[in-house]
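Remarks on the structure that follows.
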Amino acid sequence: MAVAIGRGAIALGIILSNVYRRGLRGLLPWFYVGPALVFLLLYLVLPVVQTIYLSFLDGRSQQFVGWDNYRFFVTHAAAGIALRNNLLWLVGVTGVSVGLGLVLAVLLDRVRYEPIIKGLIFMPMAISFVGASVIWRFVYAYRPAGREQLGILNAIVTALGGQPIGWTVETCWPLADWEPITLPGVGWVWSCWGIPFLNTLALMTIMIWLQTGFCMVLLSAAVKGIPSDLVDAARVDGATEPQIFWRITLPLIRPTIAVVATTVVIVVLKVFDIVWVMTGGHQETEVLASRMIKEMFNFRDFGRGSAIAVLLLLAVVPVMVSTMRRFRDGEDGL
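According to this note's numbering, the sequence shown is numbered sequentially starting from 148.
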């Protein structure tokens, strides 16, 4: 009897020991990821929930106003200008940056001094948005006609016999003696006999200058990853360089182009520094982020500011999810 009890106690001890060890093994991963999850909960999830809640309250966060803060973007001209400019940035900066990066990646592939040239083109990426804006303030600097021009562009324009241009001030650069036409009662939709949105285009140029090198480096890596046997076989078959680009290079690097484009889209949707440093959002250069800052801190309307933040979040999240899926699909295909 005593022997049976002793053996049972030993067996029970072994079972409990195994259960305890398995329990620790099951809990061990949570000890590693727990601090990160707590950090994300406190500094990401809760602020997002609070922002969504505040977006349905009035400016003082005291009364529930429903969708009024979101209707602001449909009815208010200033919000329409910010939304229009964000769309211009989204299409223009993404298209030009990725396009130029692709062209440079293909043209500079296997040329002499390729690393040096690509290093110089990539160098602006190391500069912060604020630093780049300060540099371009000197490029766009404007003085009235008859005075010495400090800005590089206006110095060139006046040296060629032209009149200095307010690059960050003019909303329209009329051709010849034509004047810009504004549609009454609309405000943010207008036509221009000349170059429209000149100041916004000038600000977009800064972002293009910063992002082109980034696009070029990633696309260049993709181009170099193309098997040389395919290209050599195409040349032997009599394919021209344009045919090689359109039928071999472009299809093979299309996934990389998609990832690069979505990355630039995320950066552009969050643009704020360049606009704030260069113009402060004046002269119809506002974007959603600068409008959010004005609503929250200048006008003390936390409801509208929170609504803008929610809209930016809704715009960025699908792009981020799409990028993560592409990365996951790429890893599964390896």
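Backbone N, C-alpha and C fix where the C-beta goes; we use that ideal spot for every residue, glycine too.
By how many angstroms is the C-alpha of F269 removed from the C-alpha of S469? Counting from one through the sequence shown, the residue named residue 469 turns up at place 322. Counting from one through the sequence shown, the residue named residue 269 turns up at place 122. Taking the straight line joining both Cα atoms gives about 26 Å.
For this session: Would you kindly work out how many angstroms separate the C-alpha atoms of E326 and V286, rounded to a whole number?
Result: As a first step, residue 326 must be located in the sequence shown, where it is residue number 179. As a first step, residue 286 must be located in the sequence shown, where it is residue number 139. For E326, the predicted structure reports a pLDDT of 49, less than 50, and the residue's modelled location is therefore unreliable. The matter cannot be settled from this model.
Inset, instruction - Report buried or exposed for A456, applying the criterion of at least 16 other Cβ atoms within 10 angstroms of its Cβ. - result: Here residue 456 is taken as the residue at index 309 of the sequence shown, counted from 1. Buried, by the Cβ-count rule.
(request) Assign L416 to one of three DSSP states: helix, strand, or coil. (result) Sequence index remark: in the sequence shown, residue 416 carries index 269 (1-based). Secondary structure at L416: helix, using DSSP grouped into helix, strand and coil.
Cβ pair count under 8 Å reaching 3, the stretch 398-408 against the stretch 215-233
no
Is the separation between the beta-carbon of C362 and that of G239 shorter than 7 Å?
Sequence index remark: in the sequence shown, residue 362 carries index 215 (1-based). Sequence index remark: in the sequence shown, residue 239 carries index 92 (1-based). No, they are not a contact pair.
**Q.** Cut-off 7 Å between Cβ atoms - residues of its own chain near L201, not counting five sequence neighbours on either side
**A.** To locate residue 201, count along the sequence shown from 1; it is residue 54. Once the five neighbours on either side are set aside, the close Cβ partners of L201 are S208, F449, G450, S453.
### Query
Can you tell me the Cα-Cα spacing of Q358 and V411, whole angstroms?
Within the sequence shown, residue 358 is the residue found at index 211, counting from 1. Within the sequence shown, residue 411 is the residue found at index 264, counting from 1. In a straight line, the C-alpha of Q358 is about 7 Å away from that of V411.
- request: Confirm, please, whether the CB-CB distance from I228 to E431 is below 7 Å.
  value: Residue numbering aside, residue 431 sits at position 284 when the sequence shown is read from its first letter. Residue numbering aside, residue 228 sits at position 81 when the sequence shown is read from its first letter. Result yes, Cβ atoms of E431 and I228 sit closer than 7 Å.
Worksheet item: Where T305 and P311 are concerned, what is the direct C-alpha to C-alpha distance, given to the nearest angstrom?
Response: As a working note, residue 305 is residue 158 in the sequence shown. As a working note, residue 311 is residue 164 in the sequence shown. Spanning the two alpha carbons is a distance of roughly 6 Å.
Could you tell me the alpha carbon to alpha carbon distance between I328 and T409, rounded to whole angstroms?
To locate residue 328, count along the sequence shown from 1; it is residue 181. To locate residue 409, count along the sequence shown from 1; it is residue 262. Its pLDDT being 44, under 50, I328 is placed unreliably in this model, and the value from its coordinates should be taken loosely. Answer to the nearest angstrom: the Cα atoms are 35 Å apart.
What beta strand (DSSP E) runs, 3 residues minimum, are completely inside the stretch 355-404? none
Subject >> Beta-carbon proximity of L397 to A252, cut-off 7 Å >> reply: Against the sequence shown, residue 397 aligns to sequence position 250. Against the sequence shown, residue 252 aligns to sequence position 105. It is not a contact, given that the beta carbons lie outside the stated cut-off.
Review point. Where does F211 sit, in a helix, a strand or coil, going by DSSP?
Key: Here the question's residue 211 lines up with position 64 in the sequence shown. Looking at F211 - three-state DSSP - the assignment turns out to be strand.
| request: Answer with buried or exposed for M471, where buried requires no fewer than 16 other C-beta atoms within 10 angstroms of its C-beta. | output: By 1-based counting over the sequence shown, the position of residue 471 is 324. By the 10 Å Cβ count, M471 comes out exposed.
Quiz item: Roughly how many angstroms lie between the CA atoms of G293 and R284, to the nearest whole one?
Solution: In the sequence shown, counting from the first residue as 1, residue 293 sits at position 146. In the sequence shown, counting from the first residue as 1, residue 284 sits at position 137. G293 and R284: Cα-Cα distance of roughly 20 Å.
Inset, instruction - Can you tell me which of the three DSSP states V466 falls into? - result: By one-based count along the sequence shown, residue 466 stands at place 319. Looking at V466 - three-state DSSP - the assignment turns out to be helix.
Would a C-beta distance cut-off of 7 Å place P465 and G360 closer than the cut-off? For this step, residue 465 is matched to residue 318 along the sequence shown. For this step, residue 360 is matched to residue 213 along the sequence shown. No, Cβ-Cβ distance for P465 and G360 is not below 7 Å.
For the alpha helix (DSSP H) containing N232, name the first residue and the last one.
Against the sequence shown, residue 232 aligns to sequence position 85. Where N232 is concerned, the enclosing alpha helix (DSSP H) stretches over 224-254.
Practice prompt. Using three-state DSSP, classify L350 as helix, strand or coil.
Written response: Locating residue 350 in the sequence shown gives position 203, counting from the first residue. Of the three classes helix, strand and coil, the one that applies to L350 here is helix, per DSSP.
| field | Rounded distance between the beta-carbons of I391 and A380, thought under 8 Å | value | Looking up residue 380 in the sequence shown gives position 233. Looking up residue 391 in the sequence shown gives position 244. At roughly 10 Å, the Cβ-Cβ gap does not stay under 8 Å, so A380 and I391 are not in contact.
Report task. Please determine, among I373, G181, A225, F344, the residue with the shortest C-alpha to C-alpha distance to R438. Result -> Your numbering for residue 438 matches position 291 in the sequence shown. R438 has its Cα closest to that of A225, out of I373, G181, A225, F344.
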